[in-house]
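Student: Each residue of the sequence shown is one higher than the one before, starting from 134 at the first, in our numbering.
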Amino acid sequence: MTHDKTAPEVRTGQAPGKLARNEFHLKFVANFSDPRYEPLREDIARLEEVAWQNYQDSRKAPVTQKAGAGFADPAYDLSVEWKAARDRLLAAEAAQKDPRTPARVLLICGSSRNDGTCPGEMSKSYRMVEWARTALETSGVQADVLDLSLVTSTYAHHIHPCKGCASTAMPLCHWPCSCYPNHSLNQVNDWMNEIYERWVAAHGVLIVAPTYWYQSPAPLKLMIDRLVCADGGNPDPSSTHGKKAAEAKALELAGWDYPKHLAGRAYGVVVHGDVAGIESQRRNLCDWLDWMGLVKASPQGAFDRYVGYYESYADSHRSLDEDADLQEEVRNAARALAQAVQDLRAGRAPQADRHLRKPRPK
Numbered sequence: 134m135t136h137d138k139t140a141p142e143v144r145t146g147q148a149p150g151k152l153a154r155n156e157f158h159l160k161f162v163a164n165f166s167d168p169r170y171e172p173l174r175e176d177i178a179r180l181e182e183v184a185w186q187n188y189q190d191s192r193k194a195p196v197t198q199k200a201g202a203g204f205a206d207p208a209y210d211l212s213v214e215w216k217a218a219r220d221r222l223l224a225a226e227a228a229q230k231d232p233r234t235p236a237r238v239l240l241i242c243g244s245s246r247n248d249g250t251c252p253g254e255m256s257k258s259y260r261m262v263e264w265a266r267t268a269l270e271t272s273g274v275q276a277d278v279l280d281l282s283l284v285t286s287t288y289a290h291h292i293h294p295c296k297g298c299a300s301t302a303m304p305l306c307h308w309p310c311s312c313y314p315n316h317s318l319n320q321v322n323d324w325m326n327e328i329y330e331r332w333v334a335a336h337g338v339l340i341v342a343p344t345y346w347y348q349s350p351a352p353l354k355l356m357i358d359r360l361v362c363a364d365g366g367n368p369d370p371s372s373t374h375g376k377k378a379a380e381a382k383a384l385e386l387a388g389w390d391y392p393k394h395l396a397g398r399a400y401g402v403v404v405h406g407d408v409a410g411i412e413s414q415r416r417n418l419c420d421w422l423d424w425m426g427l428v429k430a431s432p433q434g435a436f437d438r439y440v441g442y443y444e445s446y447a448d449s450h451r452s453l454d455e456d457a458d459l460q461e462e463v464r465n466a467a468r469a470l471a472q473a474v475q476d477l478r479a480g481r482a483p484q485a486d487r488h489l490r491k492p493r494p495k
């Protein structure tokens, strides 16, 4: 089968036009509706005028520097924010590959709930993360806890959604993501550059997540989508001159190697729920991690369980208190991951649960 080498058409026509001035005004001043801002209305109006001009001019990355040596186009103006994030990833990757660095596991709490916001109570996922943290540290592994619920309880703390650049052409999806910040659209305070660095620095990853309506919670899914750039993403935005779709299509059709930037790390998954959907979420998470080239710790390193099956939400923490076997399964997942990390770093195939006793033999 021969591939048509004709340059593909870039399809357009979906995006709406820019906001009218009054629409922009209403969105802008909504940030300042608290009466305490009243004495500052004239100052806010001046800020609004600058923001309006930046929006009109699409000033996505207002501060840039020349890409320099090592990039496809050394004269291309790179965002200084993107360049700084990329340099941190390179440093984290070098440290991760250094055999002298301590073993490190990124321990992810995938729940949206914590006691610092509307629910008023910590999540069961977080309690499981704490059990896993203790098991990892007892195994001699550093645990870096990433609590994704912070997006619901921290001021201006976002994981902005993926814009789907990879579906236009893989080289348009930059590693790390260059879609944010977009200052002209006020798409700022994005958490992902820090999260990318923590994934890169880790030798293993353990995800602990509840099931929301058969799916992963929104913060976890946002992070997953934004990690698409780790699987085939382009580390050189100058090669596509930013977001030039036609250039990215040409690069992919000329031959793209789809680099797996996180491959070789070990992983574990713990999924819980109360009624339904836990098996499908656990499979989806494992399939995703397998696809990215991560290595499953062991059969005990990935599992799903119900907590308080068809019981009241109000008593779910007590149900977790009473399930000693589940508590030990969480610890075993962490222990299996710790062993898998040690095996992989030593160049051995992981046999991470060979010494672990199953709490539920049947």
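Glycine residues also receive a C-beta, built at the ideal position from the N, C-alpha and C atoms.
Taking the straight line between their C-alpha atoms, what separation do you get for A457 and E254?
Tutor: Residue mapping note: residue 457 aligns to position 324 of the sequence shown, counting from 1. Residue mapping note: residue 254 aligns to position 121 of the sequence shown, counting from 1. If you take the alpha carbons of A457 and E254, they lie about 21 Å apart.
Student: For the segment 148-175, list the alpha helix (DSSP H) runs that are entirely contained and at least 4 residues long, ordered along the chain.
Tutor: The segment 148-175 contains these whole alpha helix (DSSP H) runs: 154-162.
Student: Grouping DSSP H, G and I as helix and E and B as strand, with all else coil, what is K382?
Tutor: On the sequence shown, residue 382 is found 249 positions in, with the first residue counted as 1. Residue state, collapsed to three classes: helix.
Student: Please determine, among D190, Y188, R490, A163, the residue with the shortest C-alpha to C-alpha distance to I177.
Tutor: Sequence index remark: in the sequence shown, residue 177 carries index 44 (1-based). Residue A163 is the option with its Cα nearest to I177.
Student: Are the segment 353-370 and the segment 284-304 touching by the rule of at least three beta carbon pairs closer than 8 Å?
Tutor: Yes: at least three Cβ pairs fall under 8 Å.
Student: Please go through the segment 168-232 and give each complete beta strand (DSSP E) segment of 3 or more residues, from N-terminal end onward.
Tutor: You should have 197-199, 210-212.
Student: Go ahead and pull the three-state DSSP assignment for H394.
Tutor: Your numbering for residue 394 matches position 261 in the sequence shown. Three-state result, H394: coil.
Student: Are L470 and L279 touching if we call contact CB-CB under 8 Å?
Tutor: Start at 1 with the first residue of the sequence shown, and residue 470 comes out as number 337. Start at 1 with the first residue of the sequence shown, and residue 279 comes out as number 146. Going by C-beta atoms, L470 is not nearer than 8 Å to L279.
Student: For M425 and V341, which I take to be in contact (beta-carbon distance under 8 Å), what is that distance rounded to the nearest angstrom?
Tutor: Reading the sequence shown from its first residue, position 292 is the one you call residue 425. Reading the sequence shown from its first residue, position 208 is the one you call residue 341. Actually they are not in contact, since the Cβ atoms of M425 and V341 sit about 18 Å apart, beyond 8 Å.
Student: Would you call the segment 258-272 and the segment 321-334 in contact, with 3 or more CB pairs under 8 Å?
Tutor: The segment 258-272 vs the segment 321-334: no contact.
Student: List the residues that DSSP assigns as beta-bridge partners of G337.
Tutor: Along the sequence shown, read from residue 1 onward, the residue named residue 337 stands at position 204. Bridge partners of G337: V238, A399.
Student: So the candidates are P168, A276, A399, K151; which of them puts its Cα closest to the Cα of D190?
Tutor: Within the sequence shown, the letter at position 57 stands for residue 190. The option with the nearest alpha carbon to D190 is K151.
Student: Does the contact criterion of 3 or more C-beta pairs under 8 Å hold for the segment 400-412 versus the segment 339-358?
Tutor: These segments touch.
Student: Anyone know if the C-beta pair for P483 and A399 falls short of 8 Å?
Tutor: Position 350 of the sequence shown, counted from the first residue, corresponds to residue 483. Position 266 of the sequence shown, counted from the first residue, corresponds to residue 399. In contact: P483 and A399 (Cβ atoms closer than 8 Å).
Student: Taking the alpha-carbon positions, what's the F157 to W185 distance?
Tutor: The residue labelled residue 157 in the question sits at position 24 within the sequence shown. The residue labelled residue 185 in the question sits at position 52 within the sequence shown. Roughly 7 Å between the two C-alpha positions.
Student: Since H307 and P392 should fall inside the 8 Å C-beta cutoff, what is the C-beta to C-beta distance between them, to a whole number of angstroms?
Tutor: Translated into positions along the sequence shown, residue 307 becomes position 174. Translated into positions along the sequence shown, residue 392 becomes position 259. Incorrect: roughly 12 Å between the Cβ atoms, too far for contact.
Student: Within the continuous beta strand (DSSP E) that includes D448, where are the two ends?
Tutor: Position 315 of the sequence shown holds residue 448. Neither: D448 is in no beta strand (DSSP E) and is coded neither H nor E.
Student: Determine the contact status of A466 and G401, defining contact as a CB-CB distance below 8 Å.
Tutor: By one-based count along the sequence shown, residue 466 stands at place 333. By one-based count along the sequence shown, residue 401 stands at place 268. Closer than 8 Å, so yes.
Student: Helix, strand or coil for G410, going by three-state DSSP, please let me know.
Tutor: Along the sequence shown, read from residue 1 onward, the residue named residue 410 stands at position 277. Looking at G410 - three-state DSSP - the assignment turns out to be coil, as it is neither helix nor strand.
Student: Between A351 and the rest of its own chain, which residues show a CB-CB distance below 7 Å, the 5 nearest in sequence each way excluded?
Tutor: Numbered from 1 along the sequence shown, position 218 holds the residue referred to as residue 351. Within the same chain, A351 has close Cβ partners S245.
Student: Here's the rule: buried if 16 or more other CB atoms are within 10 angstroms of the residue's CB, otherwise exposed. What is C310?
Tutor: Working through the sequence shown from its first residue, we reach residue 310 at position 177. Per the 10 Å Cβ criterion, buried.
Student: Look at the Cβ atom of S282, then the Cβ atom of S256, and state whether they are nearer than 8 Å.
Tutor: To locate residue 282, count along the sequence shown from 1; it is residue 149. To locate residue 256, count along the sequence shown from 1; it is residue 123. In contact: S282 and S256 (Cβ atoms closer than 8 Å).
Student: In three-state DSSP terms, what is V278?
Tutor: Position 145 of the sequence shown, counted from the first residue, corresponds to residue 278. Three-state result, V278: strand.
Student: Tell me H405's beta-bridge partners as DSSP assigns them.
Tutor: Reading the sequence shown from its first residue, position 272 is the one you call residue 405. Answer is P343, R438, bridged to H405.
Student: Give the single residue among S449, R438, S445, N315 whose Cα lies nearest to the Cα of E461.
Tutor: As a working mapping, residue 461 is identified with position 328 in the sequence shown. If we check each option's Cα against that of E461, R438 comes out closest.
Student: Could you tell me the alpha carbon to alpha carbon distance between V274 and P432, rounded to whole angstroms?
Tutor: As a working note, residue 274 is residue 141 in the sequence shown. As a working note, residue 432 is residue 299 in the sequence shown. The straight-line gap from Cα to Cα measures roughly 20 Å.
Student: May I ask you to report which of helix, strand or coil DSSP gives M134?
Tutor: Position 1 of the sequence shown holds residue 134. Any answer about M134 is weak, because its pLDDT of 40 lies below 50 and its placement is not dependable; what the coordinates show is given next. Looking at M134 - three-state DSSP - the assignment turns out to be coil, as it is neither helix nor strand.
Student: Which of the three DSSP states, helix, strand or coil, is assigned to N465?
Tutor: In the sequence shown, the residue the question calls residue 465 occupies position 332. Note: N465 maps to helix in three-state DSSP.
Student: Look at the Cβ atom of V428, then the Cβ atom of L477, and state whether they are nearer than 8 Å.
Tutor: Looking up residue 428 in the sequence shown gives position 295. Looking up residue 477 in the sequence shown gives position 344. Against a cut-off of 8 Å, the Cβ pair of L477 and V428 comes out as a contact.
Student: In chain order, what residues of the same chain have a beta carbon less than 6 Å from the beta carbon of S317, not counting five sequence neighbours either side?
Tutor: On the sequence shown, residue 317 is found 184 positions in, with the first residue counted as 1. Excluding positions up to five away in sequence, the list reads N187, Y188, S191, R192, K193.
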